[in-house]
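Colleague:
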Amino acid sequence: MVELPHPTREQLRLEGVMAALGHPIRMSIVHALASGEETFCGAIETGAPKSTMTHHWRVLREAGVLHQRRSGRKLYLTLRRDDLDARFPGLLDLVLAEEPALVLD
34 MVELPHPTRE
44 QLRLEGVMAA
54 LGHPIRMSIV
64 HALASGEETF
74 CGAIETGAPK
84 STMTHHWRVL
94 REAGVLHQRR
104 SGRKLYLTLR
114 RDDLDARFPG
124 LLDLVLAEEP
134 ALVLD
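Residue numbering for the sequence shown is 34 to 138, as defined by my numbering.
#1: Quick check: the Cα distance between His-89 and Tyr-109, rounded to an integer number of angstroms?
#2: Is Arg-103 helix, strand or coil when you go by DSSP?
#3: Can you name, in chain order, every residue of its own chain whose Cβ lies under 8 Å from the Cβ of Lys-107, other than the five neighbours on each side?
#4: Is there a Cβ of chain D sitting closer than 9 Å to that of Leu-129, yes or no?
#5: Rounded to whole angstroms, what is the Cα-Cα separation between Thr-111 and Val-128?
#6: So the candidates are Thr-79, Arg-59, Glu-48; which of them puts its Cα closest to the Cα of Arg-120?
#7: Kindly list the residues whose CB is nearer than 8 Å to the CB of Gly-69, restricted to its own chain and excluding five residues on each side of it in sequence; keep chain order.
#8: Using 8 Å for Cβ pairs, my map puts Leu-37 next to Arg-94. What's the rounded Cβ distance?
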C-alpha cells in the first residue's frame, strides 16, 4: 500500500495551515478530530459527497493539519496537534476555541 505524503514538522507553513482552515467543512473536521484520537473517515458526517470530503482531507493533509493512514480500504485521520503546537504555539487552541460554522453530527 502506498503511503500518503505528509509534510514534516519543519515543512509546515503558516499560510498553508491558515488557508486549509479557511473552509467551514475543514474547520469542522478539525473540531471533530480535536480529541487527538485516530478516527475512521466515515465516522465524520457532513452530508457532503465523498469526493468533496476526499478533497477536504487532502487539503488538510497537504497543509500538515492532519495525518491520514490507510488500512486496507479504510482511511483513518488524526489531528497533528503536537506538530502544529510546536510550529505555531497557541494557534490550534485559538482555532478550537471558536465554534465551527458547520456543526457535524
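Just so it is clear, CB atoms sit at the ideal spot from N, CA and C, and this is done for glycine as well.
Modeller: Walking through what the data contain:
#1: Computed Cα separation, rounded: 14 Å.
#2: Arg-103: strand per DSSP, three-state reduction.
#3: Within the same chain, Lys-107 has close Cβ partners Phe-73, Cys-74, Gly-75.
#4: No chain D is part of this structure, which consists of one protein chain only.
#5: 16 Å
#6: Glu-48
#7: Excluding residues within five positions, the ones whose Cβ falls inside 8 Å are Thr-111, Leu-112, Arg-114.
#8: The Cβ separation is near 6 Å, so the contact holds.
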